[in-house]
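Heads up: the sequence shown begins at 90 in this note's numbering, then just goes up one per residue.
I have placed the structure first, in the form of structure tokens, so that the comments after it can refer back to it.
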Amino acid sequence: MEKKTLVLDCLPGEPLEIPYARIEGRRGEGPHLTVLAGVHGGEYTGPAAVLRLLRELDPAQLRGTVTAVPVLNQPAFWSRTAFVVPADGKNLNRCFPGDPAGSYTDVLAHEVFTRLIAPSDALLDLHAGDLPESLEPFCLYEESAVEERSRALALAYGLGHVVRQSRAVRTVGGSTSSAAADVGIPAIIAEIGANGICDETSVAGHLRGVLAVCASLGMLPGSPAAPASAPAEHTGWAWLRSPVRGFWLAAVPAGTQVAAGDVLGVLLDPYGEELHRVLAPVAGCPLFVTSSPAVVPDGLLLGLATA
Ligand SMILES: [Zn+2]
């Protein structure tokens, strides 16, 4: 393993150092897989899985190259900031492929895209529910010219839900996976774990997913174990936001199938009266649900994966 550091002195303030590792396989030429984690500051299962990957991946068994970044968003990680980069309050995973003339997060995204994502043959970006978010494990890929290869990565990862995001209604724009797919690099976002908890089951799930993808790309010997059952494949998303500031109480846990019109939760006023009732606009499965009751106007409540 080659220990490396991406040093960014083009950002405002002190140079930012992002430690990462490169593992050159000794079993011959093969793809260059990049594994990112810690794009969001309070999502710890992906970083823990990458740290374990660095210890467990045997270069003698590996064909090709793995570049792995345990904690990409260093400022958000060390300040325990959910979703955004503290310097400018922007969500890094809405800013790719970045802008060298933009603010802190735009420049960070540009450097990460140019130096870590663009040289890859495939990209895995490991996430979880952030500090105020519960979540059912899923993989996300984009409609693109390389979507069949992206879908294959998602299926190999082995989670219970897979969401295809159409280009027309790209609910999550500017993500690592969308920017990669736009330049022809198959990519997925994999989400396991929630609420900033670094639990063993979720960490092991991410590690198993990364290793299964390596096997599916021919980078590790053997074929990945087939998942116990085929995942539920969703063709889109409805992300529901709150029209009011209120005390949010979700009525369904992440991973529950709901019908159109089902009550998904309520927002209460400071005296416990119901301000707003949130109904499912269509049938689907909430794959993440805001677990914090503190919700402001336009605050995200949940992501409903639709059939
Ligand atoms: Zn995330």
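C-beta: ideal position from N, C-alpha, C; glycine also.
Does the beta-carbon distance from residue i to residue j come in below 9 Å?
i	j	result
residue 270	residue 325	no
residue 112	residue 161	no
residue 369	residue 225	no
residue 187	residue 201	yes
residue 189	residue 199	yes
residue 367	residue 352	yes
residue 93	residue 108	yes
residue 376	residue 185	no
residue 294	residue 248	yes
residue 106	residue 97	yes
residue 397	residue 220	For residue 397 there is no data in the structure shown, the boundaries of the chain being 90 and 396.
residue 347	residue 374	yes
residue 275	residue 312	no
residue 204	residue 100	no
residue 286	residue 265	no
Could you check what DSSP says for residue i in three-state terms: helix, strand or coil?
i	result
residue 185	coil
residue 286	coil
residue 360	coil
residue 296	helix
residue 256	coil
residue 111	strand
residue 304	helix
residue 233	coil
residue 309	coil
residue 149	helix
Which residue marks the beginning of the alpha helix (DSSP H) containing residue i, and which one marks its end?
i	result
residue 265	265–271
residue 163	163–167
residue 240	236–246
residue 135	134–145
Starting from residue i, follow its DSSP beta bridges and name the residues at the other end.
i	result
residue 123	156 and 212
residue 366	355
residue 330	389
residue 277	213
residue 228	251 and 279
residue 394	326 and 374
Can you name, in chain order, every residue of its own chain whose Cβ lies under 7 Å from the Cβ of residue i, other than the five neighbours on each side?
i	result
residue 291	134, 217, 281 and 282
residue 389	328, 330 and 379
residue 306	120, 122 and 211
residue 234	273
Return the chain-ordered list of same chain residues with a C-beta closer than 6 Å to the C-beta of residue i, the five sequence neighbours on each side being excluded.
i	result
residue 126	135, 136, 139, 159 and 215
residue 170	130
residue 165	130 and 174
residue 89	Outside the displayed range of the chain (90 to 396) lies residue 89, so it cannot be described from this structure.
residue 115	148 and 149
Along the beta strand (DSSP E) that carries residue i, what are the first and last residues, could you check?
i	result
residue 323	321–323
residue 201	Where residue 201 is concerned, there is no enclosing beta strand (DSSP E), although the alpha helix (DSSP H) it sits in stretches over 193–201.
residue 437	Residue 437 is absent from the model: the chain starts at 90 and stops at 396.
residue 374	373–379
residue 92	91–97
Using a Cβ-Cβ cutoff of less than 8 Å, which residues in the same chain neighbour residue i once the five nearest sequence positions on both sides are dropped?
i	result
residue 145	296
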